[in-house]
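Worksheet for the structure shown next.
Chains as they are written, first to last, in our numbering: chain A, 548 to 924; chain B, 21 to 103.
Written out as structure tokens, the structure is:
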């Protein structure tokens, strides 16, 4: 990545934008969705927020124009230049060439993809030399539904504004240590001391989260893939507390501090993050240690401290009779668990480098294994 | 036969397009106005090299077909080098 000379940035975190006019190529609602989505690309990975204002001056103004349009940098008709945007040192405004055929899909020039690129300039990023990065200067058509911000873009924008607050270690009361660990997690899957933060399934694979990485175990592959969380979910790049999948909805829920996110594949759903208390957990619960979903009963188990709760996904409510003590129902297990996973009728509770296996229906204790027994160590 | 020259021959329209492209995206990094003699058709080889390097092309400093093709791809209008 690269930045403009002098590294100009916005000095405030709450920015406003306005849309001065619309392209006739698209429905206005689709333009609004594309613009909003393009801002979200950057707000997901920074402490910045972007609020649209109407009929009043905004920090960043967005407009469509053809040929000469008053800034001495004329557009060139169809093709060629698609758009341009000014750095924060010059106001950050973004202009889109009206002579292009703007679309919400890939039948022309996708407005979301170009807007996300231009807004990178508006925030202070120059062009990147990395193929595949959003800030690479040539238009690269890709499915906007599966858009993923490149690590180079994340590194670039966070060099200017830092990581997002709250979702990671900002207002998260679960962490008493403001200094996140900087040492790399163990990459040795067969290290007998290996412990996981969270375990869940995702579209047939099993995900094992540890610090800012996760391992993916695909039943059809021998090797285990290791990826940074930022490659899938930039807003959660520093790690998560708990995760579970509701296969019926193709949704994975990710927990960090008092917030949780719903994601389909790597796409965080709109309306998230939400507060964990909206699930019916008491205010005294500051974070979730572990979560697991039983697809047969459609119940989800939440573990926090020495207690656990059961949530009815069909009724969308916490079940009565909870919380219960973990030790009372899961014999052999102490006061607290690190991760939980329910698979083929077996309940796995991870505590440090060991996992306790139970029958999910009867809660009969089956045995203890090393946490990394999943990898044939 | 002038084989080597033929490889370097560029249609006038392509040359004009490439000159405009380089002016747009690889402007001179000095703020001092540069006066060029009228009729000079040369595109600075260092800027061609810079562009080829940036895009992972074979760095020749010449306006070959791959470089021209890449210039014709739709892209952002923000210059690639410092003002």
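All C-beta atoms, glycine included, are put in the ideal place defined by N, C-alpha and C.
No experiment lies behind these values; they were computed from the predicted model shown.
Contact set for residue 886 of chain A: own chain, Cβ-Cβ below 6 Å, skip 5 residues either direction: Around residue 886 of chain A: 743, 745, 746, 837, 897.
Can you look up residue 680 of chain A in the DSSP assignment and give me helix, strand or coil? In the structure shown, the three-state DSSP call for residue 680 of chain A is coil.
Start and end residues, alpha helix (DSSP H) containing residue 573 of chain A: Careful: residue 573 of chain A lies outside any alpha helix (DSSP H) and carries neither H nor E.
Residue range of the unbroken alpha helix (DSSP H) whose run includes residue 666 of chain A: Bounds of the alpha helix (DSSP H) holding residue 666 of chain A are 658-670.
What residue from A:700, A:740, A:654, A:818 has the CA that sits closest to residue 663 of chain A's CA? A:700 is the residue among A:700, A:740, A:654, A:818 whose C-alpha sits nearest the C-alpha of residue 663 of chain A.
Who are the neighbours of residue 550 of chain A on chain B, taking C-beta pairs under 7 Å? The premise fails here: residue 550 of chain A is roughly 11 Å from chain B at the closest Cβ pair, so nothing lies under 7 Å.
In this structure, does DSSP put residue 640 of chain A in helix, strand or coil? Here residue 640 of chain A carries a coil assignment [DSSP, helix/strand/coil].
Give me, in chain order, the residues of the same chain whose beta-carbon lies closer than 6 Å to that of residue 632 of chain A; leave out the 5 immediate sequence neighbours on both sides. Contacts found: 641, 665, 668, 669.
Three CB pairs or more closer than 8 Å across the segment 896-913 of chain A and the segment 866-884 of chain A: The segment 866-884 of chain A and the segment 896-913 of chain A touch, with three or more beta-carbon pairs separated by less than 8 Å.
Local conformation of residue 590 of chain A per DSSP, three classes: In the three-state reduction of the DSSP assignment, residue 590 of chain A falls in the helix class, which pools H, G and I.
Inter-residue spacing [alpha-carbon to alpha-carbon] between residue 562 of chain A and residue 802 of chain A: For residue 562 of chain A and residue 802 of chain A, the gap between their C-alpha atoms comes out near 27 Å.
Since I believe residue 900 of chain A is in contact with residue 739 of chain A (beta carbons under 8 Å), could you give me their beta-carbon distance rounded to a whole number of angstroms? Rounded to the nearest angstrom, the Cβ distance from residue 739 of chain A to residue 900 of chain A is 6 Å, consistent with a contact under 8 Å.
Step through the CB atoms of chain A and report whether any lies within less than 8 Å of the CB of residue 93 of chain B. Under the Cβ distance rule, residue 93 of chain B counts among the residues neighbouring chain A, one pair being separated by less than 8 Å.
Three Cβ pairs or more, each shorter than 8 Å: is that satisfied between the segment 776-791 of chain A and the segment 828-843 of chain A? Yes, since at least three Cβ pairs between the segment 776-791 of chain A and the segment 828-843 of chain A fall closer than 8 Å, the two stretches touch.
Can you round the beta-carbon distance between residue 759 of chain A and residue 776 of chain A to whole angstroms, since I take them to be within the 8 Å contact cut? The beta carbons of residue 759 of chain A and residue 776 of chain A sit about 6 Å from each other, so the pair counts as a contact at 8 Å.
Looking at chain A, is there any beta carbon in it that lies within less than 8 Å of the beta carbon of residue 74 of chain B? Yes, because at least one Cβ of chain A sits closer than 8 Å to the Cβ of residue 74 of chain B.
In chain A, what lies closer than 7 Å to residue 100 of chain B by C-beta? Simply 674, 684.
The beta strand (DSSP E) with residue 898 of chain A in it runs from where to where? Element bounds for residue 898 of chain A: 893-898.
6 Å Cβ shell around residue 76 of chain B - same chain, five flanking residues per side excluded: None.
Considering residue 32 of chain B, what are the terminal residues of the alpha helix (DSSP H) in which it resides? Run containing residue 32 of chain B: 32-45, per the alpha helix (DSSP H) assignment.
Amino acids of chain B, ordered along the chain, whose beta-carbon sits closer than 9 Å to that of residue 665 of chain A: The CB of residue 665 of chain A comes closer than 9 Å to the CB of 96, 98 in chain B, given here in chain order.
In its own chain, which residues sit with a C-beta less than 8 Å from the C-beta of residue 553 of chain A, not counting the 5 before and 5 after it? Within its own chain, the residues whose Cβ lies closer than 8 Å to the Cβ of residue 553 of chain A, once the five positions on either side in sequence are excluded, are 636, listed in chain order.
For residue 605 of chain A and residue 564 of chain A, which I take to be in contact (beta-carbon distance under 8 Å), what is that distance rounded to the nearest angstrom? Contact between residue 605 of chain A and residue 564 of chain A holds, since their C-beta atoms are separated by about 5 Å, short of 8 Å.
Between the C-alpha atoms of residue 710 of chain A and residue 85 of chain B, what's the straight-line distance to the nearest angstrom? If you take the alpha carbons of residue 710 of chain A and residue 85 of chain B, they lie about 42 Å apart.
Residue 929 of chain A CB to nearest chain B CB: under 8 Å? Missing from the structure shown is residue 929 of chain A; chain A here goes from 548 to 924 and no further.
Using the beta-carbon count (16 or more within 10 Å), is residue 600 of chain A buried or exposed? Exposed.
Take residue 831 of chain A as the anchor and find which of A:844, A:800, A:810, A:854 has the nearest alpha-carbon. Looking at the Cα atoms, A:854 is the closest of the given residues.
Please classify residue 64 of chain B: is it buried, with 16 or more other beta-carbons within 10 angstroms of its beta-carbon, or exposed? The residue in question, residue 64 of chain B, is exposed, as its Cβ has fewer than 16 Cβ neighbours within 10 Å.
Straight-line gap, residue 43 of chain B to residue 770 of chain A (C-alpha atoms, nearest Å): Counting only the Cα atoms, residue 770 of chain A lies some 49 Å from residue 43 of chain B.
Taking residue 629 of chain A as the query, report the chain B residues whose CB atoms sit under 9 Å from its CB, ordered along the chain. For residue 629 of chain A, the neighbours in chain B by C-beta distance under 9 Å run, in chain order, 94, 95, 96, 97.
So, for residue 596 of chain A: in the same chain, excluding its five sequence neighbours on each side, which residues have a beta-carbon less than 8 Å away from its beta-carbon? Excluding positions up to five away in sequence, the list reads 560, 561, 562, 590.
Just how far apart, CA to CA, sit residue 749 of chain A and residue 883 of chain A? Just so you know, the alpha carbons of residue 749 of chain A and residue 883 of chain A end up roughly 25 Å apart.
Below-8 Å beta-carbon distance, residue 589 of chain A vs any chain B residue: Not a single CB atom of chain B sits nearer than 8 Å to the CB of residue 589 of chain A.
Does residue 765 of chain A come out as helix, strand or coil in the three-state DSSP assignment? DSSP places residue 765 of chain A in coil when its eight states are reduced to three.
Minimum Cβ-Cβ distance from residue 626 of chain A to chain B less than 8 Å: Residue 626 of chain A counts as touching chain B.
Identify every run of the beta strand (DSSP E) within the segment 833-897 of chain A, keeping only runs that are complete inside it and at least 3 residues long; order them along the chain. As far as the segment 833-897 of chain A is concerned, its whole beta strand (DSSP E) runs of at least 3 residues are 837-841, 846-851, 854-859, 886-890.
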